[in-house]
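According to the working numbering, the stretch in the sequence shown is residues 67 to 446, in order. C-beta atoms are modelled at their ideal positions from N, C-alpha and C, and glycine is treated no differently.
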Amino acid sequence: MTQLPKVKRGFLNSKTAKKMLNSRRGLQARHILSNATDRILRGQQLALSGRTPFDIVYQREIISLRHYPTTNTETKHRIPLVIVPPLAANMLIYDLFPNRSLVRYFLAQGFDVYLIDWGTPSLRQAKYNLGTYVKTFMPDFIEKIREHSGQQQLSLYGWSLGGVLSLCYTALFKDKNIQNLMILASPINTHKSGYMGKFYQRLTAPAQWIRSNTKFRFHQVPSRVFHIHGWQNTLGFKLTDPIGNVKNYWELFKNLNDRQFVINHATSSSFVDNMLAYPGGVMRDIILRFWIDNELSTGSVQFGEQSANLKDINCSLLVVGGSTDIIVTAEAVRPLLDLVSSTDKQFEIVPGGHMGLVAGNQAPQSVWPVVTHWLAQRSR
């Protein structure tokens, strides 16, 4: 009689424990399912990117001009900073995390920040080429920045193709009021860009043979044929590191029970998963003029009857290459130093890949301080 209750009590405890365990497993399963559903269906709502406030101070067609007023009232630099993005990048790359945002970093350092948002091109913009941006849009938006800021002198921060636009504008218009140029991972000599550069170089001889022996001209092909949609840019970017991308989603799968991990994954992916289109005319110019003909490496880029000669650039120049960048290697960026007339010029190799220079984990410690320290001394 005395042992029976003990056995019964033990049986009940075992049953209760199983129920509790099953309940916890059920709760965890529901939690995982909820996180997975949110990540797949509501990833953009989960993402923490793009939270820094700004004002739209000018708009033209699909392009808008953002102004981020400085948050540092104690240290404010006189010369405004203009971020010139590449065309396929959505603007979230500059404001990816609240605690890892290039825009917020510049603001905290006392810079008055403007950003040219190129918008979302569609087939309606397929006719846009490099000349459209360099000769038409860049001078218009630079003028509006000067009107809004009340300052003539400006600093331009150009990453990737944004650096090419900044260089070509400054050289073409001989804009002496561009005080500082920061060029990050821009394709100056594409034939020196690793294995891809060697591939481009092999295309040069066939292209020259076609010009010499046929009537076919690459630039006569309709621009719509070269229009690259946003999803194609996303796919292309991911294929530069397919193993890394598989590992990235495997880590997500293993951590679906961790809400914060899921939120961080959605935030990091908000840029790569939502890349924008390349207008066909721009893509045609990139393929022919930069990849095949390697025109920028000569120091002169033709826009109709006008030439943008890089030797006409005399302003302070900071050139930055990423140590692990396989899209535009550091050796493809370095030649810029020999093409300009600037006496105040500096080349830096910093940790990170193509995207990492702007928003990577190491950027706040290894990249951004290099840029801001250099710029602060030249923005008084």
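Item: Going by DSSP, which residues form a beta bridge with Val386?; Value: Leu250 and Glu414
Item: Between which two residues does the alpha helix (DSSP H) holding Arg212 run?; Value: Met204 to Ser215
Item: Look up Gly263 in the DSSP assignment and say whether it is helix, strand or coil.; Value: helix
Item: Counting Cβ pairs, one atom from each stretch, are 3 or more of them under 8 Å apart for the segment 357–374 and the segment 232–242?; Value: yes
Item: Taking 7 Å as the limit between beta carbons, can you name the residues of its chain near Ile276, skipping five residues before and five after?; Value: Phe282
Item: Between the beta-carbon of Asn360 and the beta-carbon of His285, is there less than 8 Å?; Value: no
Item: Should the segment 135–144 be called in touch with the segment 168–186, which here means at least 3 C-beta pairs below 8 Å?; Value: yes
Item: Quick one: using the 10 Å Cβ neighbour count with 16 as the cut-off for buried, is Asp183 buried or exposed?; Value: buried
Item: Compute the distance between the beta-carbons of His331 and Arg105, then report whether it is under 8 Å.; Value: yes
Item: Do Leu162 and Phe327 have their C-beta atoms closer together than 8 Å?; Value: no
Item: Nearest to Ser215 by CA position, among Val433, Val123 and Leu168, is which residue?; Value: Val123
Item: From the DSSP secondary-structure annotation, give me the bridge partner or partners of Gln372.; Value: Phe369
Item: Using a Cβ-Cβ cutoff of less than 8 Å, which residues in the same chain neighbour Ser445 once the five nearest sequence positions on both sides are dropped?; Value: His143, Arg144, Ile145, Leu147, Phe177, Ser221, Gln245 and Asn246
Item: At the level of alpha carbons, what is the spacing between Ser432 and Lys411?; Value: 20 Å
Item: What ranges does the beta strand (DSSP E) occupy inside the segment 126–204, keeping only unbroken runs of at least 3 residues that lie completely in it?; Value: 129–134, 147–150 and 179–183
Item: Run through DSSP, which three-state label would Leu405 get?; Value: coil
Item: Could you tell me which residues DSSP puts in a beta bridge with Asp121?; Value: His133
Item: Please look up how many angstroms separate the CB atoms of Pro435 and Ala192, rounded, as I've assumed it's under 8 Å.; Value: Going by Cβ atoms, the distance from Pro435 to Ala192 rounds to 40 Å, so no, they are not a contact pair.
Item: Sort out for me which residues DSSP pairs Ser232 with in a bridge.; Value: Answer is none; Ser232 lacks a bridge partner.
Item: Between the beta-carbon of Thr270 and the beta-carbon of Ile415, is there less than 8 Å?; Value: no
Item: Classify Ala261 as buried or exposed, calling it buried when 16 or more other Cβ atoms lie within 10 Å of its own Cβ.; Value: Rather than Ala, the amino acid found at residue 261 in this sequence is Tyr. It counts as exposed.
Item: Under three-state DSSP, which class holds Thr68?; Value: Reliability of the predicted coordinates at Thr68 is poor, the pLDDT of 48 falling under 50, and no value is obtained from them.
Item: Verify whether the separation of the beta carbon atoms of Pro253 and Phe356 is less than 8 Å.; Value: yes
Item: In angstroms, rounded to a whole number, what distance separates the CA positions of Phe369 and Leu362?; Value: 12 Å
Item: Among Ser130, Ser115 and Met248, which one has its Cα closest to the Cα of Asp121?; Value: Ser130
Item: Among residues of its own chain, excluding the 5 on either side of Tyr266, which ones have a beta-carbon nearer than 8 Å to its beta-carbon?; Value: Thr256, His257, Ser259, Trp357, Ile358 and Asn360
Item: Please work out which residues of its chain come closer than 6 Å, Cβ to Cβ, to Leu405, disregarding the five sequence neighbours upstream and downstream, and give them in chain order.; Value: Gly365 and Leu376
Item: Using a Cβ-Cβ cutoff of less than 6 Å, which residues in the same chain neighbour Cys234 once the five nearest sequence positions on both sides are dropped?; Value: Val200, Val367 and Ala374
Item: Would you list the residues sitting across from Gly419 in a DSSP beta bridge?; Value: In DSSP, Gly419 forms no bridge with anything.
Item: What residue range does the beta strand (DSSP E) around Ile297 cover?; Value: The question names Ile, but residue 297 is Trp in the sequence shown. From DSSP, Trp297 is part of no beta strand (DSSP E) but of the alpha helix (DSSP H) over Gly296 to Leu305.
Item: Quick check on DSSP: helix, strand or coil for Gln428?; Value: coil
Item: Identify the residues that DSSP records as bridge partners of Ile244: which are they?; Value: Leu220
Item: What does DSSP give as the partner residue(s) for Trp225 in the beta ladder?; Value: Leu250
Item: Which same chain residues end up closer than 6 Å to Met157 when comparing Cβ atoms and leaving out the 5 residues on each side of it in sequence?; Value: Asp183
Item: Given a cut-off of 8 Å on the beta-carbon distance, is the pair Gly347 and Thr198 in contact?; Value: yes
Item: Between Ile352, Arg400, Ala398 and Ala251, which lies nearest to Ser226 when the distance is taken from Cα to Cα?; Value: Ala251
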